[in-house]
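Trainee: In this note's numbering, the protein residues as written are 181 to 1008.
All residues carry an ideal CB built from backbone N, CA and C; glycine is no exception.
Predicted, not measured: the structure shown is a model, and the values here were computed from it.
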Ligand code: 26Q
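(1) In this structure, what does DSSP give as the bridge partners for residue 261?
(2) For the alpha helix (DSSP H) holding residue 703, just list the boundary residues, first then last.
(3) So, helix, strand or coil for residue 917, using DSSP?
(4) Run through DSSP, which three-state label would residue 406 get?
(5) Note down the Cα distance separating residue 1007 from residue 242, rounded to an integer number of angstroms.
(6) Just to check, is the beta-carbon of residue 356 closer than 7 Å to a non-hydrogen atom of ligand 1?
(7) Apart from the five residues just before and just after residue 283, which ones in its own chain have a Cβ nearer than 7 Å to its Cβ?
(8) Would you report the Cα separation of residue 318 and residue 901, rounded to the nearest angstrom?
(9) What do you reckon, is the C-beta of residue 868 under 7 Å from a heavy atom of ligand 1?
(10) When DSSP builds the beta bridges, which residues end up paired with residue 367?
(11) Nearest to residue 802 by alpha carbon, out of 403, 818, 522?
(12) CA-CA distance, residue 443 and residue 273?
(13) When you compare the region 782 to 801 with the region 318 to 332, are there three or more beta-carbon pairs, one atom per stretch, that lie closer than 8 Å?
(14) What are the residues that DSSP puts in a beta bridge with residue 818?
(15) Given a threshold of 16 other Cβ atoms within 10 Å of its Cβ, counted over all protein chains shown, does residue 742 qualify as buried or as exposed?
(16) Flag this pair as yes or no: are the beta carbons of residue 508 and residue 547 separated by less than 8 Å?
(17) Which stretch, first to last residue, makes up the alpha helix (DSSP H) that contains residue 756?
(18) Start and end of the alpha helix (DSSP H) containing residue 797?
(19) Give every residue of the same chain whose Cβ lies closer than 8 Å to the Cβ of residue 266, excluding the five residues on either side of it in the sequence, and list them in chain order.
(20) Would the beta-carbon of residue 312 be found less than 7 Å away from any heavy atom of ligand 1?
(21) Sort 486, 453, 911, 776 by Cα distance to residue 816 and report the nearest one.
(22) Name the two residues that bound the continuous alpha helix (DSSP H) containing residue 628.
(23) At what residue ranges does the region 307 to 362 contain a whole run of the alpha helix (DSSP H), taking only runs of 4 or more?
(24) Give the straight-line distance between the Cα atoms of residue 349 and residue 799, rounded to the nearest whole angstrom.
(25) Count the other CB atoms, across all protein chains shown, that sit within 10 Å of the CB of residue 706; report buried if there are 16 or more and exposed otherwise.
(26) Please report the Cβ distance between residue 978 and residue 861, rounded to the nearest whole angstrom; I am assuming they are in contact, meaning their Cβ atoms lie under 8 Å.
(27) Out of curiosity, what's the CA-to-CA distance linking residue 954 and residue 250?
(28) Relative to the C-alpha of residue 694, which candidate in 676, 729, 728 has its C-alpha closest?
(29) Check whether the Cβ atoms of residue 161 and residue 545 lie closer than 8 Å to each other.
(30) Any contact of the region 463 to 482 with the region 552 to 563, i.e. 3+ C-beta pairs under 8 Å?
(31) Quick one, which of 646, 486, 392 has its alpha-carbon nearest residue 534's?
(32) Give the secondary structure of residue 385 by DSSP, where H, G and I count as helix, E and B as strand, and everything else as coil.
(33) Quick check: is any heavy atom of ligand 1 less than 7 Å from the C-beta of residue 172?
(34) Comparing alpha-carbon positions, which option in 1004, 992, 872, 804 lies nearest residue 922?
(35) Quick one: does the C-beta of residue 519 sit closer than 7 Å to a heavy atom of ligand 1?
(36) Check the DSSP bridge columns for residue 612 and list the partner residues they point to.
Below, the structure is given as C-alpha cells:
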C-alpha cells in the first residue's frame, strides 16, 4: 500500500525555525509565494493569512509526528462524534499553544504590523449553536494537551451559525459564509472520501455459503470528502485532528441521469447531494424533524464510522474481535446516534458478522452524553421518514428494539406498560424513533454534564433505564479550556497570575488555588482590580462601537450572554433592570451602585418568544439609555451577534455573571465557568454546574437566589403568579411599566405575550416565583460591589477556586471511567 519514495523521507528537510526572524521570513515568503501578492494588494485579511500560514508551518511536522505516533502505539482511540464544533478563531490559540507568543509579537513589530488587527481579521468558525458545540471545541483542545488519541468528527458546514443583526430592535438573520475568504487551517483529504447511501430498499439474499443475508440496494449515493484541521496541544508537540465532512455529488450519479436524457434532473440531484453540508441548523433546544437534518446526522455517522473501519481494516484486517477494546465512539447528544445502527449494518452486511457478534462490538464501543432535561428537546424521528431515507437502518433499529423488549419481558414479565414506555419505537398516530433510547440501549456508558443533571436524569427522564442498567449511568461535569478562556483572552490577568504563582495553572488549573492567599494582600488586589479595569475598558470600547452606548468602567458590569431561551430567563434579568429604572425614576437611589447591563445571544429563527425578548431588551435599553434622569446610574445594551470571539472580550470584563435559569432546566452551563475563571462573581440559581461552582468557591462568594429543582417541581400545580405580583409593590410597578406601553409607546400591546407568560399559572419557568428572591440577591450584589476591597477579594477567590472547571479535568474523568486511553507522546 505505502510506496517508499524519497518524497516521504524528510530527515533532510530542516525543521522550520521559531525565532522572530524565521517568522518574518515565513510571512514574506507566504505573502509572495503562497498568496501571490504585491504591494498593491495588501489588506488586513492578507496580512492575517500570511501570518496564519507561517504559524501553520510550525504545526505541520508535529501533526505528522502525532499521527505516526498514534498509529505506532496501536492503542485504543476515541472518536468524538458531534454535529457541532464551535471552534471560533484558530490563530491566537495556535500561537499560544505553540509557544510562539513572543516570536510573533517581535516579528510583527519588525514588519510594522498590529497583532490585534490581524487576529480580528480571522472569521470565527461558528459551526455550532452554543454550549454543546463549544464544549466539543474545548474537549478537543484538552485532549490534545493531555496527548489523548482523540479525533473529532463533524460536518464542514458551508454556512455556520447565522450572523445576527438588530434592525428596529429585532433580530434579523444573515447567512454566515465563513469560508468566503478561504480557510488557512483546513487541508482537504480527497483520498479518504467515503460513499454514503440514502433511500433504496433492503434486499435479502443467500450468500455463496447459502447463509441468508441482507443488503441495502437501489440507493442514491453522496460522497463525503474530509477536511482536516490541526488541533494543537499546549507546548507538547502533539497535534490532533478534527475531521469535518463536506458532501459532494458522485460523478456516475450525474452520468446516469444525463444518459437518460434528463439533464436538469441530474443537476438538481447534484444540488441535493451538496445541500447536505450546506448549513448548520440554528436550533438549539427543540427537535425539528426536518429531513435534511436526518440526512446530516446519517451523513456524519456513516462517513465517520466508515473512516474508522477503513483504518481498522488496514491495520488489523477483517477481525473485529478486539475492535471494542481499541475503539470508542463518544456521541455528543443524540444527534449522531444513528451511528449505533450504522456500525451494526456495516459489521453485518459488509463484514458478515452475526447479529450477536456485531451487537457485542457495537454496544461496547458506543458511549452517549446527554445535554438536556427538556423533554421537548429529546430527538424523535418519524418512522415513515426514517424508513424512506434509511430503510436498512430502520430494519436494524426494529431488530434492536425487538431484542431489547424481550430483555424487558424477561426481567419484568407481564409489565407491558413498562415495555410501551421504554420502547425505542413510540406508538401513536405516526410511530417515532426515540433517539435517546436507541443511544442508551446501544451504549455502555450514559452520562449527564453536571452532577444535578445526571442525578435528575436517573431520577426522572431515564429512570426506567437506570433500573435496568444502573452501571451504565455516570456524571461528567463539563469544563472549559483555560488556554482559550484565560491565557489567550485575558492577557493582563494571565501575566499577573503567572508572575505570582507561576504558570503551571495553564495545564493544571487546580494550581490556581495558590492564588487564594493573595486575596488577602492589598497590593495584589490593587493589581487584580487594575487588570479587570483594563478588560472593562476594552469591552466598553467594543460596546461603544457596536451598540453606540458608553459604558463607564467604574460601574458594575452585569452580564448575561447565552442563547435566548425562556428557561434561561433573560426576562427575569429584564424585570430587574426595569425595577432599577423604576427606583431611579421614583428617586429611590440611596446607596446606589451604577450598573452596565449587557445581554447578548441568538434566538432560534422560529422561536417567537425568544425574538420578543430581544425586542423587549432593545426597547427598554432605548428608554433607559436616553433618559437624563438615569445617566450613569444604569445602562442596558443588547450586544449583537454574540459569538466565541465576542466572549473572548466579554468574559474578562465581567463583574457579575448572570446564571439565572429555572432550577432543573440548565443541564450544566459553561459560560458560568468562563466568567468564574476570569474573576466574575455569579448571581445564580441552584441549577446545572452553578451548584458545583458555589461548592468550590464557597457560599459567601456567590449570590444565590431562587427555588431549587425540588421546589420548582413542588410549585407546579399550585402556582399563582398574579397573587405574587399583587403582593409585591415593586413587582407590580415593574409589570405595570411594561404593560402600560412605557417601552412600546407607538405599539401598545407589543409585549403582551411576554407579560402574559409571567402572569400565567402554567408558566413552566416560574419567573414570578423567583422575582423577589432575585431582586434581593441583586441588591446584595450591589451593596457588595461598593466595598471594592471585599469585592476584589471575592473576585480573586472565584478565579482561585475555578480549578475543577477545566476541560482537562473533564477529559481525565471521561478517560478514567469511559475511554481508558493511554496518552501518546509524539517523537519531539
Ligand atoms: C436538534 C435537532 C434538530 C436541530 C438541532 C438540534 C439541536 C442542536 C443543538 C439541539 C440541541 C442543541 C444544543 C444543545 C446545547 O447546547 N445544550 C447545552 O449543552 C451544554 C454543554 O453540555 C450545557 O452546558 C447546556 O446546559 C446545554 O443547554
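Mentor: If we stick to the structure as given:
(1) In the chain shown, the residue the question calls residue 261 occupies position 81. DSSP lists 333, 511 as partners of residue 261.
(2) Residue numbering aside, residue 703 sits at position 523 when the chain shown is read from its first letter. Counting along the chain, the alpha helix (DSSP H) containing residue 703 begins and ends at 702 to 727.
(3) Here the question's residue 917 lines up with position 737 in the chain shown. If DSSP states are grouped into helix, strand and coil, residue 917 belongs with the helices.
(4) One-based indexing of the chain shown puts residue 406 at position 226. DSSP, read as helix, strand or coil, puts residue 406 in strand.
(5) Position 827 of the chain shown, counted from the start, is the residue given in the question as residue 1007. Position 62 of the chain shown, counted from the start, is the residue given in the question as residue 242. If I take the Cα positions, the gap works out to 9 Å.
(6) For the purposes of this step, residue 356 is identified with residue 176 of the chain shown, where counting begins at 1. Result no, Cβ not under 7 Å from ligand 1.
(7) Reading the chain shown from its first residue, position 103 is the one you call residue 283. Closer than 7 Å at Cβ, skipping near neighbours: 198, 199, 200, 203.
(8) As a position in the chain shown, residue 318 is number 138, starting the count at 1. As a position in the chain shown, residue 901 is number 721, starting the count at 1. Rounded to the nearest angstrom, the two C-alpha atoms are 40 Å apart.
(9) Within the chain shown, the letter at position 688 stands for residue 868. Proximity of the beta carbon of residue 868 to ligand 1 is indicated: a heavy atom of the ligand is located closer than 7 Å.
(10) The count along the chain shown starts at 1 and reaches residue 367 at position 187. DSSP output for residue 367 lists 408 as bridge partner(s).
(11) Position 622 of the chain shown, counted from the first residue, corresponds to residue 802. The shortest Cα separation from residue 802 among 403, 818, 522 belongs to 818.
(12) Here residue 443 refers to the residue found at position 263 of the chain shown. Here residue 273 refers to the residue found at position 93 of the chain shown. Using only the alpha carbons, I get a separation of about 47 Å.
(13) no
(14) In the chain shown, the residue the question calls residue 818 occupies position 638. Residue 818 pairs with 779.
(15) The sequence position of residue 742 within the chain shown is 562, counting from 1. It counts as buried.
(16) Position 328 of the chain shown, counting from 1, holds the residue named residue 508. Position 367 of the chain shown, counting from 1, holds the residue named residue 547. Yes, the pair counts as a contact, with Cβ atoms nearer than the cut-off.
(17) As a first step, residue 756 must be located in the chain shown, where it is residue number 576. Residue 756 -> alpha helix (DSSP H) spans 750 to 765.
(18) As a working mapping, residue 797 is identified with position 617 in the chain shown. 788 to 805 is the span of the alpha helix (DSSP H), which, as asked, contains residue 797.
(19) Working through the chain shown from its first residue, we reach residue 266 at position 86. Once the five neighbours on either side are set aside, the close Cβ partners of residue 266 are 305, 306, 307, 308, 309, 310, 313, 314, 316, 317, 341, 824.
(20) In the chain shown, the residue the question calls residue 312 occupies position 132. Checking every heavy atom of ligand 1 against the Cβ of residue 312, one is found closer than 7 Å.
(21) As a working note, residue 816 is residue 636 in the chain shown. Closest by alpha carbon: 776.
(22) Position 448 of the chain shown holds residue 628. First-last for residue 628: 625 to 628, but that is the beta strand (DSSP E), not the alpha helix (DSSP H).
(23) 311 to 325
(24) Within the chain shown, numbered from 1, the residue matching residue 349 stands at position 169. Within the chain shown, numbered from 1, the residue matching residue 799 stands at position 619. The straight-line gap from Cα to Cα measures roughly 7 Å.
(25) Numbered from 1 along the chain shown, position 526 holds the residue referred to as residue 706. Residue 706 should be labelled exposed.
(26) In the chain shown, the residue the question calls residue 978 occupies position 798. In the chain shown, the residue the question calls residue 861 occupies position 681. The Cβ separation is near 6 Å, so the contact holds.
(27) In the chain shown, counting from the first residue as 1, residue 954 sits at position 774. In the chain shown, counting from the first residue as 1, residue 250 sits at position 70. Straight-line Cα distance between these residues: approximately 51 Å.
(28) As a position in the chain shown, residue 694 is number 514, starting the count at 1. When each option's Cα is compared against that of residue 694, the closest is 676.
(29) Only positions 181 to 1008 of the chain appear in the structure, and residue 161 is not among them; the question remains open.
(30) The answer is yes - the region 552 to 563 touches the region 463 to 482, with three or more Cβ pairs under 8 Å.
(31) Here residue 534 refers to the residue found at position 354 when the chain shown is read from its first residue. Measuring C-alpha to C-alpha distances from residue 534 to each of 646, 486, 392 identifies 392 as the nearest.
(32) Walking along the chain shown from the start, residue 385 turns up at place 205. If DSSP states are grouped into helix, strand and coil, residue 385 belongs with the strands.
(33) There is simply no residue 172 to check, as the chain begins at 181 and stops at 1008 in what is shown.
(34) The residue labelled residue 922 in the question sits at position 742 within the chain shown. Measuring from the Cα of residue 922, the nearest candidate turns out to be 804.
(35) Within the chain shown, the letter at position 339 stands for residue 519. No, ligand 1 has no heavy atom inside 7 Å of this Cβ.
(36) Counting from 1 along the chain shown, the entry for residue 612 is found at position 432. The partner list for residue 612 (beta bridge, DSSP) reads 562, 606.
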